[in-house]
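Visitor: Using numbering that gives the first Met the number 0, the first residue of the sequence shown is number 0, and each one after it goes up by one.
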Amino acid sequence: MVQVLVLINAEKVSVLDIVGKLEKMPEVLDVFPTFGRFDVVAFCNAENRERVKDLVRKIAALEGVLKTETLVEL
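(1) Grab me the residues of Val-77's own chain with a C-beta within less than 8 Å of its C-beta, minus the 5 sequence neighbours each way, in chain order.
(2) How about Val-71 and Val-51: do their beta carbons lie closer than 8 Å?
(3) Please tell me whether Ala-9 and Leu-54 are closer than 8 Å, where the distance is taken between their beta carbons.
(4) Unbroken alpha helix (DSSP H) runs of length 4 or more, entirely within the region 2-45: which are they?
(5) Suppose the cutoff is 6 Å on Cβ atoms and the five residues either side in sequence are ignored; what does the same chain contact list for Leu-21 look like?
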């Protein structure tokens, strides 16, 4: 398993919708809205690094997501 932290910039009106969609994804262990540089933080697990790419693409494609930054456990 690869642990991943996905930091998300979102349109302000979409933050809670994005949190709700992320809560339904099986890879997402925890998700919450934040103040500061990022609007949403998601703690995730992926089977391998290839699945990390798939997960980040899926998150980035959500309506209202402007940008993501991903931190991957070494």
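Backbone N, C-alpha and C define an ideal beta-carbon position, used for all residues, glycine too.
Guide: On the basis of the supplied data:
(1) With the chain covering 0 to 73 only, the question about residue 77 has no answer from this structure.
(2) The residue you call residue 71 lines up with position 72 of the sequence shown. The residue you call residue 51 lines up with position 52 of the sequence shown. Yes, these two residues count as a Cβ contact at 8 Å.
(3) Indexing the sequence shown from 1 puts residue 9 at position 10. Indexing the sequence shown from 1 puts residue 54 at position 55. Contact: no.
(4) 14-22
(5) Here residue 21 corresponds to residue number 22 of the sequence shown, with the count starting at 1. Once the five neighbours on either side are set aside, the close Cβ partners of Leu-21 are Val-27, Val-30, Ala-41.
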